[in-house]
Every structure is written in C-alpha cells, then in structure tokens.
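Novice: I have a structure I would like to understand better, so I am pasting it below and will then ask my questions one at a time.
Residue numbers (our numbering): 184 to 474.
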C-alpha cells in the first residue's frame, strides 16, 4: 500500500482536527525500492529535490497488463495516482528528495462537497513526472497551513482544498459535475444578507467555508463560486476584509491591546493581524492607532 511507503519515509502532516485534504510528507533517501503498492484513494505526490532516476512497473487499469515506465524525476514534478492504482515495484537512485502527498479520500471529499465528484479518472491510470506549477503552488500553500506557517483559518484551508480538487479534476480527471449546476445558480439578496450577518456575528470564531455554505444550503464547492460571483471576491478575501475593518474600528479604543483586538477579530495571533493589516493598509496596527 502507498501508506507503507509514507510510513517508512515520512509522517502525517494533518490530524483529525484538520479541515482540509489530508497531507503527508516523506523524506526519501538517495536510493531504494518498494514492491506491491496500492493507492486506497486518489492521490497526488509533489516532489522537491533530486534529481533521481525512477523505474516503475504498474498495472494497466483496464487490462491489468503490467507496464514499465522510467524517467528522471526533477524538483517540482508531480505524480497522479487514481484510486486503486497498483504499482508492482518502484525503484529509484539519485539524490535525496522530499515528497508531499495529498489524498482525496471519500470522507474528506464528502466533508467539502455534499455531492463529491471524481478527482482522477481511474481508467486513465497513473501518470508520473508531470510539471504543473499551479498544483505545486496550491500543495505548498496547504502544506504551509498544515505546519502552522501563518495559519489563516478554516475558510482559507477549505478554499485551497476545493481549488486543488476542482483543478485536478477539471484538468486531469473526469471534470467536476458542479460546473453544469452552477451555470444558472445565483445567491439571492436575502442569502447575501444572511451571509453578511453571520460573518459579522462570528468574526471572532474560526468558522469555515463549510459553515458559510450550510447557511444557504449549498455544498462548499458550489458555494465558493456563487459567492465569488455575488461578492466579486472569494469567501476568504471577504472574511479577511471584514476582520481588518473591525480591527480598524477597535484600534480607536486605546484601552484594548493589539493582542486583544487580534483575538476579537478572529486572527490566529497578533502577528497574523499585523501582517494582514499592513498588506491592506500599508501600516502596522500600532502605526494606524497612533495616526
């Protein structure tokens, strides 16, 4: 199983409290070999380091015929493994590398989408050594959230997860069924008002994209696109903007510390508030308060 490979060379980056797609990271040595691997769910592997010469024997998904594939793996490449992919053997030699894997298990997809869509088409089989800068960027952004590098909250994590799943499905899989349903759908004025009231009321809490979508009865993937059409920005950008607006108002009360304001506005820390505030206004909260 793929899990055996991950368990030997790496560890889980995410746990049960994680609201996005599960991630693992593996530190792969200069050379090695594995046999009898199988992917239990759709997965993508993003590689940093190398180069390495890789030799893979895998089963053709439709006929079961064993095929061989050899290539040079370079930093920034990715592999796509549809669910039930069978790798008879994987051998590599070269320089050490780091592999970040993102899995799309049914439970995670169900949490993000009320009608989960197929990410990778199983009949197309696995693909190795692909180059796609957009996928690499999304995976690394998710990884930064998983390890706590300037954690930006549940809305951002779920939005990244949905963006990654939708992009992989549209470009490399069967395509999302959500596209057809969204063509004529719109958020009504009452639904927009309901969302605005909820955000302002719950700014201090770490609510997620799933919570916003539940307000109006859409799955998160549908809701994200409907929201962007209605508000001309993503849910994450809107929530961040409202948090900064509230912080600007609260900074006028000098009895409140900046740390207290950060917590009241739903920022992960004072540093998170400072970074976001400076990007938006060009000055730190302290400088804004003095002015």
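Where is the CB? At the ideal position from N, CA and C, for every residue including glycine.
Are three or more beta carbon pairs between the segment 372-381 and the segment 318-338 nearer than 8 Å?
Specialist: Short answer: they don't touch.
Novice: Counting only runs that start and end within the segment 341-414, where is the alpha helix (DSSP H) found for 4 or more residues in a row?
Specialist: Listed in chain order, they are 361-365, 372-384, 392-399 and 403-414.
Novice: Please determine if the segment 283-295 and the segment 239-249 are in contact, where contact requires at least 3 C-beta pairs separated by less than 8 Å.
Specialist: Touching, no.
Novice: Decide if the segment 259-274 is in contact with the segment 230-240; the criterion is three or more beta carbon pairs, one per stretch, under 8 Å apart.
Specialist: Taking 8 Å as the limit for Cβ pairs, the verdict is that the segment 230-240 does touch the segment 259-274.
Novice: Find out if the Cβ-Cβ distance for the pair residue 268, residue 212 is shorter than 8 Å.
Specialist: Going by C-beta atoms, residue 268 is not nearer than 8 Å to residue 212.
Novice: Evaluate the contact criterion for the segment 389-396 versus the segment 340-347: three or more CB pairs, one atom per stretch, below 8 Å.
Specialist: A contact exists between the segment 389-396 and the segment 340-347.
Novice: In three-state terms, what does DSSP make of residue 445?
Specialist: In the structure shown, residue 445 sits in a helix (DSSP, three-state: H, G or I).
Novice: Could you check whether residue 206 and residue 325 sit closer than 8 Å to each other, using their CB atoms as the reference points?
Specialist: Yes, the pair counts as a contact, with Cβ atoms nearer than the cut-off.
Novice: Restricting to runs no shorter than 3 residues, where is the beta strand (DSSP E) found entirely within the segment 276-342?
Specialist: Listed in chain order, the complete beta strand (DSSP E) runs (minimum 3 residues) inside the segment 276-342 are 280-287 and 310-314.
Novice: How long is the line joining the alpha carbons of residue 270 and residue 245, rounded to whole angstroms?
Specialist: Whole-angstrom Cα-Cα distance: 14 Å.
Novice: Nearest CA to the CA of residue 350: which residue from 300, 468, 282 and 254?
Specialist: Answer by Cα proximity: 300.
Novice: Between the C-alpha atoms of residue 395 and residue 346, what's the straight-line distance to the nearest angstrom?
Specialist: Going from the Cα of residue 395 to the Cα of residue 346 covers about 16 Å.
Novice: Taking only the alpha-carbon atoms, compute the straight-line gap between residue 317 and residue 397 and give it to the nearest angstrom.
Specialist: So the alpha carbons of these two residues sit roughly 29 Å apart.
Novice: Residues in its own chain within less than 6 Å of residue 461 by CB, not counting five upstream and five downstream?
Specialist: Within the same chain, residue 461 has close Cβ partners 467.
Novice: Roughly how many angstroms lie between the CA atoms of residue 418 and residue 369, to the nearest whole one?
Specialist: Approximately 15 Å, taken between the alpha carbons.
Novice: Distance check for residue 313 and residue 356, CA to CA, integer angstroms please.
Specialist: Their Cα atoms are separated by approximately 14 Å.
Novice: To the nearest angstrom, how far is it from the Cα of residue 231 to the Cα of residue 281?
Specialist: Residue 231 and residue 281: Cα-Cα distance of roughly 5 Å.
Novice: In whole angstroms, give me the CA-to-CA distance for residue 450 and residue 441.
Specialist: Approximately 11 Å between the Cα atoms of the pair.
Novice: Out of 448, 438, 348 and 204, which has the shortest C-alpha to C-alpha gap to residue 405?
Specialist: Selected option, being the one with the closest Cα: 348.
Novice: Looking at residue 222: is its Cβ nearer than 8 Å to the Cβ of residue 264?
Specialist: In this structure, residue 264 lies closer than 8 Å to residue 222 by Cβ.
Novice: Starting from residue 254 and walking both ways along the beta strand (DSSP E), at which residues does that stretch end?
Specialist: That run of the beta strand (DSSP E) goes 249-256.
Novice: Kindly indicate the opening and closing residues of the beta strand (DSSP E) around residue 204.
Specialist: No beta strand (DSSP E) contains residue 204, which DSSP labels as neither H nor E.
Novice: Per the DSSP calculation, residue 499 is bridged to which residue(s)?
Specialist: Since the first residue of the chain shown is 184 and the last is 474, residue 499 is not available in this structure.
Novice: Can you give the beta carbon distance from residue 289 to residue 214, rounded, assuming they're within the 8 Å contact cut?
Specialist: Not a contact, Cβ separation roughly 35 Å.
Novice: Is it the case that the Cβ atoms of residue 352 and residue 285 are separated by a distance below 8 Å?
Specialist: Cβ distance not < 8 Å, so residue 352 and residue 285 don't count as in contact.
Novice: Counting C-beta neighbours from all protein chains within 10 Å, is the total for residue 452 16 or more, i.e. buried, or is it exposed?
Specialist: So residue 452 counts as exposed.
Novice: If you draw a straight line from the C-alpha of residue 469 to the C-alpha of residue 420, how long is it?
Specialist: About 23 Å.
Novice: Using DSSP with H/G/I as helix, E/B as strand and the rest coil, what is residue 270?
Specialist: In the structure shown, residue 270 sits in a strand (DSSP, three-state: E or B).
Novice: Please work out which residues of its chain come closer than 7 Å, Cβ to Cβ, to residue 463, disregarding the five sequence neighbours upstream and downstream, and give them in chain order.
Specialist: Around residue 463: 427.
Novice: Would you mind sorting residue 362 into buried or exposed? The rule is 16 or more other CB atoms within 10 Å of its CB.
Specialist: For residue 362, the pLDDT reaches just 48, beneath the cut-off of 50, and the residue's location in the model is therefore unreliable, leaving the point undetermined.
Novice: I believe residue 455 touches residue 445 by the beta-carbon criterion, under 8 Å. Please report the beta-carbon distance rounded to the nearest angstrom.
Specialist: Contact holds; Cβ gap of about 7 Å.
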